[in-house]
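Protein chains in written order, with my numbering: chain V, 1 to 154; chain U, 155 to 308.
For each residue, glycine too, the CB sits at the ideal point set by N, CA and C.
Protein chains: 2
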Amino acid sequence: MMAAGESQWLDEREQRAWRGFLDMHALVNRSLATQLQRDTDLSLADYGVLVTLSEANEGELRSFAIADILQWEASRLSHQLRRMEARGLIERRSCPEDRRGVNIAITEAGRCAIAKAAPLHVAEVRRVFIDRLDGAHLDALADAAERVRGEPGP
Amino acid sequence: MMAAGESQWLDEREQRAWRGFLDMHALVNRSLATQLQRDTDLSLADYGVLVTLSEANEGELRSFAIADILQWEASRLSHQLRRMEARGLIERRSCPEDRRGVNIAITEAGRCAIAKAAPLHVAEVRRVFIDRLDGAHLDALADAAERVRGEPGP
DNA sequence: GGGCAGTAGTTGATACATCATGCAAACCCT
DNA sequence: AGGGTTTGCATGATGTATCAACTACTGCCC
Numbered sequence: 001m002m003a004a005g006e007s008q009w010l011d012e013r014e015q016r017a018w019r020g021f022l023d024m025h026a027l028v029n030r031s032l033a034t035q036l037q038r039d040t041d042l043s044l045a046d047y048g049v050l051v052t053l054s055e056a057n058e059g060e061l062r063s064f065a066i067a068d069i070l071q072w073e074a075s076r077l078s079h080q081l082r083r084m085e086a087r088g089l090i091e092r093r094s095c096p097e098d099r100r101g102v103n104i105a106i107t108e109a110g111r112c113a114i115a116k117a118a119p120l121h122v123a124e125v126r127r128v129f130i131d132r133l134d135g136a137h138l139d140a141l142a143d144a145a146e147r148v149r150g151e152p153g154p
Numbered sequence: 155m156m157a158a159g160e161s162q163w164l165d166e167r168e169q170r171a172w173r174g175f176l177d178m179h180a181l182v183n184r185s186l187a188t189q190l191q192r193d194t195d196l197s198l199a200d201y202g203v204l205v206t207l208s209e210a211n212e213g214e215l216r217s218f219a220i221a222d223i224l225q226w227e228a229s230r231l232s233h234q235l236r237r238m239e240a241r242g243l244i245e246r247r248s249c250p251e252d253r254r255g256v257n258i259a260i261t262e263a264g265r266c267a268i269a270k271a272a273p274l275h276v277a278e279v280r281r282v283f284i285d286r287l288d289g290a291h292l293d294a295l296a297d298a299a300e301r302v303r304g305e306p307g308p
């Protein structure tokens, strides 16, 4: 037995929203990953890093700056960069201002890969997500995201 | 240059919805995983399998049935079940009806773990997601999910 | 300028996800 | 009944994510 107003599980409406949200993300994410892997040779993680770098000045950023933008942990980024460097997509350069740091630079191969991948990726985002929703959905989603991201709970 | 109506990238509104959706999921997912790991000894994957099993008749299901419900690949499930069996959360039983198959049964330890985890998990779902949204958001999300999950594009 | 807390980044261990492949039982077809 | 196909699941390799521990340098305070 429980007091009115609190509830142990989710009601019908909440359940639909919650499960729907999870399923939607799983499906969309899977579609995007599959498309990238099929049409290019990048993972979603690779894609995120390359986009971030290619939008930066000179295609070069400090490691922690990438982590901030992508909201990744330093460790995750470091592992990812190691693999990407091994594939020639980025390179590490020494950082004169702070000798602990590294500058991460996109390579020519990296620019080429992202230039080829971006339009296909965006098209897939439209196909599986944007094009299936109307303006009201988009705004509701953006608004919901803002609230969820808002100040942490008490 | 591009024709009217098509666009190479996302406009402001689309961008907000899309980035918001991704960020929201990343944040929520992270919160839930952290909470589970802190308060119990289960991952989200463990949790999903155990909930599925505990809702089944006799706490026992064929492997492919679990994969269907969770929308997982057979291989992913097999690996997951191996780890869970090693920890005593589930057990594999031979399947009389089809000797290729296995029945997956939740163990006493598994029932205990999920009974302890579920209320905490649901509370966290409320805290980081449900409670931050109003009814209109929930319905919009459920509706959006339904559309996205709808018949695959042409 | 010596000590030391904090910061930038790396590494190794472990868990998780995906792919390609393998194998045995079941099914189907004639 | 025999031979090919499909199904149910397992395995190994690789890529990815997280945590804890580590190194190296910075900045600060005295």
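Can you tell which of the options has its C-alpha closest to the C-alpha of residue i?
| i | options | result |
| --- | --- | --- |
| V:Cys95 | V:Gly48, V:Leu77, V:Glu60 | V:Glu60 |
| U:Thr188 | U:Asp288, U:Val282, U:Leu292 | U:Val282 |
| V:Glu91 | V:Glu97, V:Gln80, V:Arg99, V:Asp98 | V:Gln80 |
| V:Gln93 | V:Glu124, V:Lys116, V:Glu58, V:Cys112 | Before going further, note that residue 93 of chain V is Arg rather than Gln in the sequence given. The shortest Cα separation from V:Arg93 among V:Glu124, V:Lys116, V:Glu58, V:Cys112 belongs to V:Glu58. |
| V:Arg82 | V:Leu138, V:Leu10, V:Gly135, V:Asp46 | V:Asp46 |
| V:Trp72 | U:Gly242, U:Arg184, U:Glu251 | U:Arg184 |
| U:Leu164 | V:Glu12, V:Asp98, V:Leu138 | V:Leu138 |
| V:Leu89 | V:Cys112, V:Ser78, V:Arg99, V:Asp98 | V:Cys112 |
| U:Met238 | U:Arg303, U:Gly202, U:Asp288 | U:Gly202 |
Mind checking whether residue i and residue j have CB atoms under 7 Å apart?
| i | j | result |
| --- | --- | --- |
| V:Gly101 | V:Arg76 | no |
| U:Gly264 | U:Leu204 | yes |
| V:Glu14 | U:Ile284 | yes |
| V:Ala140 | U:Ala294 | yes |
| V:Arg147 | U:Arg286 | yes |
My understanding is that residue i touches residue j, with C-beta atoms under 8 Å, so please give their C-beta distance in whole angstroms.
| i | j | result |
| --- | --- | --- |
| U:Leu186 | U:Leu198 | 6 Å |
| V:Ala142 | U:Ala171 | 5 Å |
| U:Gly174 | V:Ala145 | 3 Å |
### Message
So if I threshold CB-CB distances at 9 Å, which residues from the region 53-78 of chain V count as touching chain U?
### Response
Gln71
### Query
Is it true that the region 15-30 of chain V meets the region 93-106 of chain V, where meeting means three or more beta-carbon pairs spaced less than 8 Å apart?
no
### Query
Quick one: any contact between the region 109-120 of chain V and the region 32-49 of chain V, if contact means 3 or more CB pairs under 8 Å?
yes
### Task
Taking 8 Å as the threshold, find out whether the region 217-227 of chain U comes into contact with the region 180-189 of chain U through three or more Cβ pairs.
no
### Task
Would you list, in chain order, the members of the region 132-150 of chain V that have their beta-carbon closer than 8 Å to a beta-carbon of chain U?
Arg132, Leu133, Gly135, Ala136, His137, Leu138, Asp139, Ala140, Leu141, Ala142, Asp143, Ala144, Ala145, Glu146, Arg147, Val148, Arg149, Gly150
### Message
Any C-beta of chain U within less than 9 Å: which residues of the region 17-29 of chain V qualify?
### Response
Ala17, Trp18, Arg19, Gly20, Phe21, Leu22, Asp23, Met24, His25, Ala26, Leu27, Val28, Asn29
### Message
Tell me which residues of the region 190-202 of chain U have at least one Cβ-Cβ distance to chain V shorter than 9 Å, keeping chain order.
### Response
none
### Task
Compile a chain-ordered list of the residues in the region 259-274 of chain U whose CB is closer than 7 Å to at least one CB of chain V.
Pro273
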